[in-house]
Amino acid sequence: MPSSLSVLTTCTCRTRIAHLKTDLAVLLVVVVVVVVVVAEGVVVIVVAVIEVVAVIVAVVVVVIVAAVVAV
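Quick note on the numbering used here: the sequence shown kicks off at 2 and runs consecutively.
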């Protein structure tokens, strides 16, 4: 028959492992959420940069066409 100390130690160990699994699951969820949010932020920045570049290119094309037509 196991002593009460070994039973207590086994229960404590199992409880700690259960808490560790829960903590790891929560940490994984937090990491996934952070990665998704950062990825969305990067996508928004890239889209904004593309839009700015497109506007600059459009302005340059209009200026070039206006210069060619004026000549």
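Glycine included, C-beta positions come from ideal geometry on N, C-alpha and C. Remember, it's a predicted structure, so these values are computed and weren't measured experimentally.
Please report how far the alpha carbon of residue i lies from the alpha carbon of residue j, in whole angstroms.
i          : j          : result
residue 31 : residue 40 : 14 Å
residue 34 : residue 21 : 20 Å
residue 56 : residue 36 : 30 Å
residue 59 : residue 72 : 20 Å
residue 24 : residue 64 : 60 Å
residue 62 : residue 53 : 14 Å
(message) Which complete alpha helix (DSSP H) runs does the region 12-42 hold, if anything under 4 residues is left out?
(response) none
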